[in-house]
Every structure is written in C-alpha cells, then in structure tokens.
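Numbering-wise, my numbering puts 52 at position 63 of the sequence shown, and it's gapless, one number per residue. Note that CB positions come from ideal geometry on N, CA and C, so glycine has one too.
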Amino acid sequence: MDLSVVIPVYNEAENVEPLINEVIAAIPDKLAFEIVMVDDCSTDETYANLKKLREHDKRVRIIRHATNAGQSTAIMNGVKAARADWVATLDGDGQNDPADIPVLFSALDTLPSDKPGVICGWRTKRHDSWLRKLSSRIANGVRSALLGGATPDTGCGLKLFPRQLFLELPTFNHMHRFLPALFQRQGAHVISVPVNHRPRARGVSKYGVHNRLWVGIVDLFGVMWLQRRAKRPDVSEVD
-10 MDLSVVIPVY
0 NEAENVEPLI
10 NEVIAAIPDK
20 LAFEIVMVDD
30 CSTDETYANL
40 KKLREHDKRV
50 RIIRHATNAG
60 QSTAIMNGVK
70 AARADWVATL
80 DGDGQNDPAD
90 IPVLFSALDT
100 LPSDKPGVIC
110 GWRTKRHDSW
120 LRKLSSRIAN
130 GVRSALLGGA
140 TPDTGCGLKL
150 FPRQLFLELP
160 TFNHMHRFLP
170 ALFQRQGAHV
180 ISVPVNHRPR
190 ARGVSKYGVH
200 NRLWVGIVDL
210 FGVMWLQRRA
220 KRPDVSEVD
C-alpha cells in the first residue's frame, strides 16, 4: 500500500460518490491506494451511499462514528486505520480537487532528506463567500504571527504527511486547524504548494464564522503552550 486517502464526511450524501470517483481517477495507476471514508455519525444517507460504493470497490473502506465527534477526531481515526505509510487528506464537501493529490506527491522531491516532510495545499484562489475568505485570511495571519512558520493556508484540507508522524502529534479537538504548526513542533519540514479550490456544488457547509472563531482563539493559545514546552534534542549517539 503506497497511499491512504482519508476523507472525513458529515451529511455529505450527495458528494461521496462523485468525490470517490474523482479520487480513483486522479491517483496514478502505479500507486497502490485505499480510500478511508470516516462518517462522523451522519443523519442523512451518507453511510448508506458509502456502503453501496464499498460493495463495488474494495479499495473504499468505511469508519462510522457512533456519535458526532468532529472533524479532527474523524481525521485521527482515519489515520489510525490507514494501512499506508503516507496519508493524504481532503475535505468531504468536494471543494478540494482530488486531481491535486499527485501534485502533492510530486512536491515530495523538493523536501530535504534529513527530516520528515509534510506537504500542505494552498488555495490561492478561494471559491467561498467574501466573509469566509476574510475570516480565513485573518486567521491565517494571526496563526503565522503567533505560531511561526510560513504556511499561508493552514485550513486547507489537502495535506500529505507520513502516517507515523501524525500519530506522534498531541491530539485535541480542532487540532486539524493547526496541523502545520504541530508537525513543525515534531521537527518536520513543512512546505505549501498551490492547489485548486472549487465552489461547493452539492450540500451545505457545516461551518460558519461564529462556530469557529471562539474555539479557534482558545486552541491557538493551547498550541502556543505546546510549542513553548516542546523539547526535541538531537540524538548524538545510540549504543
């Protein structure tokens, strides 16, 4: 298994089939892959549709939460269940373009060989409302200023990273918004590559400005606390 594609979904019944088909079409034939769909206790036909897709293609795997646990927990459980050393993530709403997965893979060649590497998508042209674009621009600026690093789009769901490195991260709700900083805390080299972003074609967004703002502020200070207490000395000798 070369790649596990982890996709968290919640009430995306209309999106799962076209999204999975796009992922299958996008990944080069030379890569052995699986698609791990994590249904976060959807209340619509998402799970039923996923089961039908699983019957036709065994590369599709399904994890279903008994209760709604949030996007970070869905990603975490998907990565834990993944069978490949490399994991790609993308959002389940269809706005991330699966055709960019090979773009992330090709960027691996630009990473240094002396430390683990992470590739983050950068939505250079957002197809969202002006309010969401403004709030994201402010949030990205504040995170960069307070957490360091130069990740211009920390909220992009398209990422490629080593599975084991992710499993070493501190875990908490909403951690998916801070993955670049958390990876850097673990000593990883993080780069951003431009990716496509599409308008939502089906379904409705589960996020708004208000249900992200206040928890984001609290989490930001928590990640700053984690960074200050991180100690990763170089190992000079192993006997």
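Expected contact under 8 Å - CB spacing of residue i and residue j to nearest Å
i, j, result
"C109", "S181", "5 Å"
"N185", "D86", "4 Å"
"V27", "V5", "Going by Cβ atoms, the distance from V27 to V5 rounds to 11 Å, so no, they are not a contact pair."
"L158", "Q175", "7 Å"
"I(-4)", "G81", "5 Å"
"A71", "R152", "6 Å"
Close beta carbons around residue i, own chain, < 6 Å, minus the five adjacent residues each side
i, result
"L149", "A77, L93, I108"
"H165", "Q60, S61, I64"
"A101", "A small fix is needed here, since residue 101 is Pro in this sequence, not Ala. Excluding residues within five positions, the ones whose Cβ falls inside 6 Å are H178."
"Q88", "Correcting the residue identity first, residue 88 is Ala in this sequence and not Gln. Correct list, in chain order: A15."
Assigned secondary structure, residue i (DSSP; H/G/I helix, E/B strand, else coil)
i, result
"I16", "coil"
"V193", "coil"
"S61", "helix"
"E6", "helix"
"T160", "coil"
"E44", "helix"
"E1", "coil"
"P262", "Absent from the structure is residue 262, since the part of the chain shown begins at -10 and ends at 228."
"R112", "strand"
"T99", "helix"
"L(-8)", "strand"
"T143", "coil"
"K148", "strand"
"A71", "coil"
"T35", "helix"
"D208", "helix"
"Q153", "helix"
Cβ shell of residue i (< 8 Å), same chain only, five flanking positions each side left out
i, result
"G22", "Going by the sequence as given, residue 22 is Phe instead of Gly. These residues qualify, in order along the chain: M(-10), D(-9), L(-8), S(-7), V(-6), I16, R48, A73."
"T99", "I180"
"A54", "Reading off the sequence shown, one finds His at residue 54, where the question assumed Ala. Answer for H54: V27, D28, D29, C30, T62, A63, N66, listed in chain order."
Same chain only: Cβ atoms within 7 Å of residue i, ignoring 5 sequence neighbours per side
i, result
"A190", "G83"
"R43", "V49, I51"
"A96", "I108, I180, V182"
"T35", "V(-2), N0, E1, A2, V5, D28"
"G67", "V(-5), P(-3), V25, V27, I52"
"K104", "G176, A177, H178"
"I9", "I24, L42, V49"
Beta bridge counterpart(s) of residue i as assigned by DSSP
i, result
"H186", "N85"
"C30", "DSSP output for C30 lists no bridge partner at all."
"S181", "C109"
"T78", "V(-5), K148"
"E11", "In the DSSP output, where bridge partners are listed per residue, E11 has none listed."
"V49", "I24"
Residue-chain proximity (residue i, chain D), Cβ-Cβ < 8 Å
i, result
"E1", "Within the model displayed, chain D is absent; a lone protein chain is all it includes."
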